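Asker: Input: one structure, supplied below.
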Amino acid sequence: MFVELNNLLNTTPDRAEQGKLTLLCDAKTDGSFLVHHFLSFYLKGMGRIDAGVNLTVARERGQLVFLEGLKSAVDVFFQTQEEPHPLQFLREANAGNLKPLFEFVREALKPVDGGEARWTYPVLLVDDLSVLLSLGVGAVAVLDFIHYCRATVCWELKGNMVILVHDSGDVEDEENDILLNGVSHQSHLILRAEGLATGFCRDVHGQLRILWRRPSQPTAQRDQSLTYQYKIQDKSVSFFAKGMSPAVL
Amino acid sequence: MAAVASCGSGAGSTGSAVATASKSNVTSFQRRGPRASGTNDSGPRLVSIAGTRPSVRNGQLLVSTGLPALDQLLGGGLAIGTVLLIEEDKYNIYSPLLFKCFLAEGIVNGHTLLVASAKEDPANILQELPAPLLDDNSKKEFDEDVYNHKTPESNIKMKIAWRYQLLPKMEIGPVSSRFGHYYDASKRIPQELIEASNWHGFFLPEKISSTLKVEPCSLTPGYIKLLQFIQNIISEEGFDGSNPQKKQRNVLRIGIQNLGSPLWGDDICCAENGSNSHSLTKFLYVLRGLLRTSLSACIITMPTHLIQNKAIIARVTNLSDIVIGLESFIGSERETNPLYKDYHGLIHIRQIPRLNNLICDESDVKDLAFKLKRKLFTIERLHLPPDLSDTVSRSSKQDLAESTKRLGPGCGMMAGGKKHLDF
Numbered sequence: 001m002f003v004e005l006n007n008l009l010n011t012t013p014d015r016a017e018q019g020k021l022t023l024l025c026d027a028k029t030d031g032s033f034l035v036h037h038f039l040s041f042y043l044k045g046m047g048r049i050d051a052g053v054n055l056t057v058a059r060e061r062g063q064l065v066f067l068e069g070l071k072s073a074v075d076v077f078f079q080t081q082e083e084p085h086p087l088q089f090l091r092e093a094n095a096g097n098l099k100p101l102f103e104f105v106r107e108a109l110k111p112v113d114g115g116e117a118r119w120t121y122p123v124l125l126v127d128d129l130s131v132l133l134s135l136g137v138g139a140v141a142v143l144d145f146i147h148y149c150r151a152t153v154c155w156e157l158k159g160n161m162v163i164l165v166h167d168s169g170d171v172e173d174e175e176n177d178i179l180l181n182g183v184s185h186q187s188h189l190i191l192r193a194e195g196l197a198t199g200f201c202r203d204v205h206g207q208l209r210i211l212w213r214r215p216s217q218p219t220a221q222r223d224q225s226l227t228y229q230y231k232i233q234d235k236s237v238s239f240f241a242k243g244m245s246p247a248v249l
Numbered sequence: 250m251a252a253v254a255s256c257g258s259g260a261g262s263t264g265s266a267v268a269t270a271s272k273s274n275v276t277s278f279q280r281r282g283p284r285a286s287g288t289n290d291s292g293p294r295l296v297s298i299a300g301t302r303p304s305v306r307n308g309q310l311l312v313s314t315g316l317p318a319l320d321q322l323l324g325g326g327l328a329i330g331t332v333l334l335i336e337e338d339k340y341n342i343y344s345p346l347l348f349k350c351f352l353a354e355g356i357v358n359g360h361t362l363l364v365a366s367a368k369e370d371p372a373n374i375l376q377e378l379p380a381p382l383l384d385d386n387s388k389k390e391f392d393e394d395v396y397n398h399k400t401p402e403s404n405i406k407m408k409i410a411w412r413y414q415l416l417p418k419m420e421i422g423p424v425s426s427r428f429g430h431y432y433d434a435s436k437r438i439p440q441e442l443i444e445a446s447n448w449h450g451f452f453l454p455e456k457i458s459s460t461l462k463v464e465p466c467s468l469t470p471g472y473i474k475l476l477q478f479i480q481n482i483i484s485e486e487g488f489d490g491s492n493p494q495k496k497q498r499n500v501l502r503i504g505i506q507n508l509g510s511p512l513w514g515d516d517i518c519c520a521e522n523g524s525n526s527h528s529l530t531k532f533l534y535v536l537r538g539l540l541r542t543s544l545s546a547c548i549i550t551m552p553t554h555l556i557q558n559k560a561i562i563a564r565v566t567n568l569s570d571i572v573i574g575l576e577s578f579i580g581s582e583r584e585t586n587p588l589y590k591d592y593h594g595l596i597h598i599r600q601i602p603r604l605n606n607l608i609c610d611e612s613d614v615k616d617l618a619f620k621l622k623r624k625l626f627t628i629e630r631l632h633l634p635p636d637l638s639d640t641v642s643r644s645s646k647q648d649l650a651e652s653t654k655r656l657g658p659g660c661g662m663m664a665g666g667k668k669h670l671d672f
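Residue numbers (the numbering used here), protein chains in the order written: chain A, 1 to 249; chain B, 250 to 672.
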């Protein structure tokens, strides 16, 4: 979790809003640091972690359910499965729908009846939705999946969703554009990490555009948008206004 | 960081050069590394694997790509469990050389090789590998070591010394004597080395003749066969940690040539919206899944300049870990450009992964060129020649100014405009 980014977004782990969909988008750069931020942000918000964020511990405690696509893909591909597997679509010639995947998500996020609640509200973090397109699922099927997830997670369970989608930029990937547009119209907050237009720079790794939206209401008020530039360091990311990089000043 | 854990637990064994380089605190992203039999260690303890070293940045286990200059650009080497994708140059002249250097490095280090090709028989590919550069004094020792290779104990430390023939212009840090070797492109690798090595070949025309009994799925049959072959080798030879009785761990180097070309049965190079447009991306995804759970590293060469649908190239790039593009000057207008007269082509590092870390070892220099001299393949930083004389003619200055515009961003030189200002 990057404290500077929390300040920019005006949130803290203990008083984060619920029922929100956040879209992370990266164009010509690597947006994985944003995923890292949100992962540790929400884990911190669970309130029971002592110092730092430790994924193994979180997983053991049941707070973090991890579907590792790569490993599951190998299992699905090489062994015949009896019961429906979340990544069933990999075996199908024409990838139908992502229903098994949704069922898995729904099962995982169901609050446990009785006993201690695992979490105050569930968070679904999707690292890289664009990979689903590469695996043969159609853009409409992916949008359906997101819609179902949103209905369950954001509305029914009052949780949050964070999705990462790659922006292909000037390469014309129609399916990806459909997906990106579809998800951005449904999201409350869009964080867009872009590489600098002038090319690679050692001191400024990219630019982050933050856009707050209200998808349910028509655009009566203008959406608020901010732009910052950032530099990624070993353990954190520092943000500064455009042109105000410490290397320049 | 299970990848380092498997190597780090052997730190107490004899002669191990690998210290526990991993940080003790867990970073927030855990790489699912190869799961070694760490729990029941009643058998022989793990020894460090020849030809590997941990990365200084994130503790990942690295292998050399066969070109020390390229290792330096990639932050030390190729991490185990990752895919190195090489976008072939237009006439496929230089990418086979990188491919062969990778395989030759595997033979020299005693790694197991898996060579897959649809065009050439892997046995022929191995015959054409470049010879490692040796110091004359130690050549006798080297020969002896080769004959001793069959005995299981002694093949960990092969005493191969190399000599710097021509120092590449890139600054190279101290290279361990067991990591990274120089190769002589004009000579063939000695036959004894090939025979002493453990390799598996996948030649598509041979494998595809048998009838295929698998349910229809949108991967082309060639890819399915290749994935099954790779998975068989990994599980049979215990690269995924499934066979704890094996005495020593080894690395599997996989090399796949011309992936995506029509010879593999894929039509992405022929048609823009073919019937199998997801075949290649699915293959890469499952392949990466296999690699992440085993001690292997993979090099793939792909003729991306032939792929009709540019969106597929973007997806393929996202699905690979390291992507390097080779652009040769042959046949292009740059061949006669005075700026490039010493070089054979440009090398573009398009993507480097961030494994277990927020940042990666991106090199500051983005203008890199390669040249194949009589023996060596070198990668150098491209820079403008100094303009020293007073009487340089105006036309040549114009040419240089035009050339500077074509340089990629990141070059620190001033790009001159069309007018030349005299001071």
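The beta carbon of each residue, even a glycine, is placed where N, CA and C say it ideally should be. Bear in mind that the values here come from a model prediction, so they are computed numbers and not experimental data.
Please return the same chain residues whose Cβ sits closer than 7 Å to the Cβ of A/Leu180, not counting the five positions on each side in sequence.
Answerer: Excluding positions up to five away in sequence, the list reads Cys25, Val165, Asp167.
Asker: DSSP three-state call for B/His554: helix, strand or coil?
Answerer: B/His554 falls in the helix class under three-state DSSP.
Asker: Would you report the Cα separation of B/Glu369 and B/Arg437, rounded to the nearest angstrom?
Answerer: Going by the C-alpha atoms only, they are around 17 Å apart.
Asker: Hey, A/Trp212 and A/Leu189: beta-carbon distance below 9 Å or not?
Answerer: For A/Trp212 and A/Leu189, yes; Cβs fall inside 9 Å.
Asker: Counting pairs of beta carbons, one from the segment 26-40 of chain A and one from the segment 190-199 of chain A, are three or more of them closer than 8 Å?
Answerer: Cβ pair count under 8 Å is three or more, so yes.
Asker: So, under 8 Å CB-CB, A/Leu133 and A/Glu175 are touching, yes? Tell me the CB distance rounded to an integer number of Å.
Answerer: Confirmed, Cβ separation roughly 5 Å.
Asker: Quick one, which of B/Ile342, B/Val614, B/Asn341, B/Leu319 has its alpha-carbon nearest B/Leu333's?
Answerer: Out of B/Ile342, B/Val614, B/Asn341, B/Leu319, B/Leu319 has the C-alpha closest to the C-alpha of B/Leu333.
Asker: Name the DSSP beta bridge partners of B/Ala328, please?
Answerer: For B/Ala328, which the question treats as bridged, DSSP gives the partners B/Leu311.
Asker: Tell me the rounded alpha-carbon separation between B/Ala618 and A/Arg209.
Answerer: Between B/Ala618 and A/Arg209, the C-alpha separation is close to 35 Å.
Asker: Counting only beta-carbon separations shorter than 9 Å, does A/Gly182 have a partner in chain B?
Answerer: Not one chain B Cβ lies under 9 Å of A/Gly182.
Asker: Who are B/Ile598's beta bridge partners in DSSP?
Answerer: According to DSSP, B/Ile598 bridges with B/Ile573.
Asker: Using the C-alpha atoms, what's the distance from B/Ile298 back to B/Cys544?
Answerer: First, the residue type needs correcting, since residue 544 of chain B is Leu and not Cys in the sequence shown. Each residue's alpha carbon lies about 10 Å from the other.
Asker: Quick one: which chain A residues come within Cβ less than 7 Å of B/Gly538?
Answerer: Per Cβ cutoff of 7 Å: Leu70, Lys71, Ala73, Val74.
Asker: When the distance is taken between beta carbons, is A/Val162 closer than 9 Å to A/Gly69?
Answerer: Contact: no.
Asker: Which of the three DSSP states, helix, strand or coil, is assigned to B/Val395?
Answerer: Annotation note: pLDDT 42 at B/Val395 (below 50); position unreliable, no value reported.
Asker: Once DSSP output is grouped into helix, strand and coil, what is the label at B/Tyr432?
Answerer: Three-state result, B/Tyr432: strand.
Asker: Can B/Pro317 and B/Leu311 be called in contact, C-beta distance under 9 Å?
Answerer: Going by C-beta atoms, B/Pro317 is not nearer than 9 Å to B/Leu311.
Asker: Any residues in the segment 591-621 of chain B with a beta carbon nearer than 7 Å to a beta carbon of chain A? Which ones, in chain order?
Answerer: Answer set for the segment 591-621 of chain B: Arg603, Leu607, Ile608, Asp613, Lys615.
Asker: Spell out the partners DSSP gives B/Cys547 in its beta bridges.
Answerer: DSSP output for B/Cys547 lists B/Val332, B/Ile503 as bridge partner(s).
Asker: Under 9 Å, Cβ to Cβ, is there at least one residue of chain A near B/Pro283?
Answerer: Per-residue confidence for B/Pro283 stands at a pLDDT of 41, beneath the threshold of 50, marking its modelled position as unreliable; the derived number appears in the next sentence. No, because no Cβ of chain A sits closer than 9 Å to the Cβ of B/Pro283.
Asker: On a CA-only basis, which of B/Glu576, B/Gly308, B/Leu536, B/Gly471 is nearest B/Ile457? Give me that one, please.
Answerer: Closest option to B/Ile457, Cα to Cα, is B/Gly471.
Asker: Provide the residue span of the alpha helix (DSSP H) that contains B/Asp515, from first to last.
Answerer: Neither: B/Asp515 is in no alpha helix (DSSP H) and is coded neither H nor E.
Asker: Mind checking which residues open and close the alpha helix (DSSP H) that includes A/Ile210?
Answerer: Counting along the chain, A/Ile210 falls outside any alpha helix (DSSP H), though it belongs to the beta strand (DSSP E) covering 206-212.
Asker: Exposed or buried, A/Thr227, counting other C-beta atoms within 10 Å across all chains shown (16 or more means buried)?
Answerer: Exposed.
Asker: Consider the Cβ of A/Leu5: report whether some Cβ of chain B lies at a distance smaller than 9 Å.
Answerer: Chain B, which has no Cβ nearer than 9 Å to the Cβ of A/Leu5, makes this no.
Asker: Could you tell me whether the Cβ atoms of B/Pro454 and B/Ala380 are closer together than 9 Å?
Answerer: No, the Cβ-Cβ distance between B/Pro454 and B/Ala380 is not below 9 Å.
Asker: If we define contact as Cβ-Cβ less than 9 Å, is A/Arg199 a contact residue for chain B?
Answerer: It should be noted that the sequence gives Gly, not Arg, for residue 199 of chain A. Closer than 9 Å: yes.
Asker: Indicate whether A/Leu124 and A/Val142 have their beta-carbon atoms separated by less than 9 Å.
Answerer: No. Outside cutoff.
Asker: So, with DSSP's three-state summary, where would you put A/Pro122?
Answerer: The answer is coil: DSSP assigns A/Pro122 none of H, G, I, E or B.
Asker: Could you tell me whether the segment 578-588 of chain B touches the segment 532-550 of chain B, using the rule of 3 or more Cβ pairs below 8 Å?
Answerer: Counting Cβ pairs under 8 Å, fewer than three are found: no touch.
Asker: What is the residue span of the alpha helix (DSSP H) that B/Gly300 lies within?
Answerer: Careful: B/Gly300 lies outside any alpha helix (DSSP H) and carries neither H nor E.
Asker: Following the continuous alpha helix (DSSP H) through A/Glu4, name the residue where it begins and the one where it ends.
Answerer: Its alpha helix (DSSP H) spans residues 3-9.
Asker: Please classify B/Arg498: does DSSP put it in a helix, a strand, or coil?
Answerer: Three-state result, B/Arg498: coil.
Asker: Flag B/Gln497 as yes if its beta-carbon sits less than 9 Å from any beta-carbon of chain A, otherwise no.
Answerer: So, not an interface residue.
Asker: Buried or exposed for A/Leu249, going by 16 or more other Cβ atoms inside 10 Å?
Answerer: Exposed: under 16 other Cβ atoms inside 10 Å.
Asker: Between B/Ile596 and B/Ile571, which are expected to be in contact by the criterion C-beta below 8 Å, what is the C-beta distance as a whole number of angstroms?
Answerer: Going by Cβ atoms, the distance from B/Ile596 to B/Ile571 rounds to 12 Å, so no, they are not a contact pair.
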